[in-house]
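Asker:
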Amino acid sequence: MAMESVVHYFNARRSLGRVAQANRSLHTPHVAAKLAASMTKASAHNMRSFNREKEYSATWASQFFPLPHEAYWPQSSITLLTSSDLRRKGSGRPRSTRLRNGMDSKEGRRASLCGICKKSGHYQKTYPSRPRKRPAEP
Ligand SMILES: [Zn+2]
C-alpha cells in the first residue's frame, strides 16, 4: 500500500472513530452491522464485549508526520566507498558454481511425445498439420 493510501486509510478510520465517539456509539457502522448480523444469527448465544471504550479508538490513534525536505536532514559522518570489483559482471543470472554429480540426472526419463500422433520431435501444440487460428475478419 502506498504511503498516501495508508495515510488516507488512517484518516478515514480516525474520522469514523471520532463520529462514533461523538454519537457515543461503541462501534463503527461496519462493525455495528456485523454485530447485528451476528446477533441475529446467534440469538441464542451470549456475547461479551472486550475493552470496548478504548478498543477502536486506540487502533487508529497513530498519526503520520511528514518527512522533512532533504535539506533539513542531519549531516551523516558515513562516507560510501564504491569499488568496481564489487559490482556484478555482465547481465543475467549468475552461473552456478555447484559441482554436479550423477545424482543430478534423472533416470528413466523418456522424451515427451506428441498428444495426437504419439511421436517425438513436436508437441500437440506444434503439431505440423494442425490448423492455425485465423485472425478475425474485419
Ligand atoms: Zn504429432
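Numbering (the working numbering), first residue to last: 1291 to 1428. Backbone N, C-alpha and C fix where the C-beta goes; we use that ideal spot for every residue, glycine too.
Please write down, chain order preserved, every residue whose beta carbon lies under 6 Å from a heavy atom of ligand 1.
Answerer: Going by the Cβ distance cut-off, the answer is Cys1404, Ile1406, Cys1407, Lys1409, His1412, Tyr1417.
Asker: Between which two residues does the alpha helix (DSSP H) carrying Met1293 extend?
Answerer: Met1293 -> alpha helix (DSSP H) spans 1293 to 1312.
Asker: For Phe1354, which residues of its own chain have a beta-carbon under 6 Å away from its beta-carbon, when the five flanking residues on both sides are left out?
Answerer: Excluding residues within five positions, the ones whose Cβ falls inside 6 Å are Val1297.
Asker: Measuring CA to CA, which of Ala1334, Gln1414, Glu1345 is closest to Arg1308?
Answerer: Of Ala1334, Gln1414, Glu1345, the residue nearest in Cα terms is Glu1345.
Asker: Give the single residue among Leu1357, Leu1306, Met1337 whose Cα lies nearest to the Cα of Met1430.
Answerer: No answer is possible for residue 1430: the residues shown for the chain start at 1291 and end at 1428.
Asker: Is the CB-CB distance between Ser1352 and Gln1311 below 8 Å?
Answerer: No, Cβ-Cβ distance for Ser1352 and Gln1311 is not below 8 Å.
Asker: So, helix, strand or coil for Leu1389, using DSSP?
Answerer: It is coil, neither helix nor strand.
Asker: Please state whether DSSP places Lys1331 in a helix, a strand or coil.
Answerer: Note: Lys1331 maps to helix in three-state DSSP.
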